[in-house]
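Some notes on the structure that comes next.
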Amino acid sequence: ETGVTQTPRHLVMGMTNKKSLKCEQHLGHNAMYWYKQSAKKPLELMFVYNFKEQTENNSVPSRFSPECPNSSHLFLHLHTLQPEDSALYLCASSQDPEGQLYGYTFGSGTRLTVV
Amino acid sequence: AQKVTQAQTEISVVEKEDVTLDCVYETRDTTYYLFWYKQPPSGELVFLIRRNSFDEQNEISGRYSWNFQKSTSSFNFTITASQVVDSAVYFCALSEANYGGSQGNLIFGKGTKLSVKP
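Line by line, the protein sequences give chains A and B. Going by our numbering, the residue at position 65 of the first sequence is 65; the numbering climbs one at a time, nothing skipped. Going by our numbering, the residue at position 14 of the second sequence is 14; the numbering climbs one at a time, nothing skipped.
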């Protein structure tokens, strides 16, 4: 365990389903992130939260909806996804807002398959 | 614009061989940070090292070493006497210090998959 816990580890959902990904950290970090990792593509930053406030939305489609109720928890709500959204979704946290002092701590990811 | 290029998609070596993973970056900033992460089959990215642009001293940590050369915009990673447990995907990443006030600007390369065979 890295200190960042993601659930579920695997998720298969239909295009009309609604599901949520959960990320939890108890490292005392104030910034949390969602990244998408698709095959043969670089990791793509999706959302950034700093002290529970969203500070970046990297042009992500509205079918992905993040929620950060407190500094320790981050959710990604999914609805009406497309097959091309199938990917590994990684959550990360950092002690400093830009992760530049100590890097990011990543979770193990949720492997999402949209059918 | 920021960009990180890892030209080697996959590398396969035999145990105990030395292997170097290349990373070339582009940035307009004079202050920036470079990172290497390891992603084993379990999925999580493991932080390996961070360098800032003002510190060109090479670093060694056990079997790992990093060669930072600003003149060629490279931050290469060498594993000496590789082991099977080193098999993973390795990512190089770049973060600019001043990103217009935004955060979370860690830009990753596409990664290099290293396979170490016994």
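Virtual Cβ for every residue (Gly too), placed ideally from N, Cα, C. For clarity, every value in this text was computed on a predicted model and none was experimentally measured.
Taking the straight line between their C-alpha atoms, what separation do you get for residue i and residue j?
i            : j             : result
residue 44/B : residue 106/A : 6 angstroms
residue 41/B : residue 108/A : 10 angstroms
residue 4/A  : residue 94/A  : 10 angstroms
residue 57/B : residue 74/B  : 13 angstroms
residue 51/B : residue 24/A  : 28 angstroms
Using beta carbons (cut-off 8 angstroms, strictly below), is residue i in contact with chain B?
i             : result
residue 108/A : yes
residue 104/A : yes
residue 36/A  : no
residue 42/A  : yes
residue 90/A  : yes
Per DSSP, residue i forms a beta bridge with which residues?
i            : result
residue 68/A : According to DSSP, residue 68/A bridges with nothing at all.
residue 12/B : 115/B
residue 6/A  : 23/A
By Cβ distance below 7 angstroms, which residues in the same chain neighbour residue i in space, the five residues on each side in sequence not counted?
i            : result
residue 5/B  : 24 and 109
residue 86/B : 79, 114 and 116
residue 88/B : 38, 39, 40 and 114
At the 8 angstroms Cβ level, is residue i part of the contact set with chain A, yes or no?
i             : result
residue 65/B  : no
residue 45/B  : yes
residue 126/B : Residue 126/B lies beyond the residue range present for chain B, which begins at 1 and ends at 118; the question has no answer from this structure.
residue 61/B  : no
residue 94/B  : no
residue 106/B : yes
residue 75/B  : no
I believe residue i touches residue j by the beta-carbon criterion, under 8 angstroms. Please report the beta-carbon distance rounded to the nearest angstrom.
i            : j            : result
residue 16/B : residue 90/B : No, residue 16/B and residue 90/B are not in contact; Cβ-Cβ is about 18 angstroms, not under 8 angstroms.
residue 80/A : residue 16/A : 7 angstroms
residue 54/A : residue 47/A : 6 angstroms
residue 34/A : residue 76/A : 6 angstroms
Considering only residues of the same chain and omitting the five flanking positions on each side of residue i, which have a CB-CB separation below 6 angstroms?
i            : result
residue 53/B : 31 and 32
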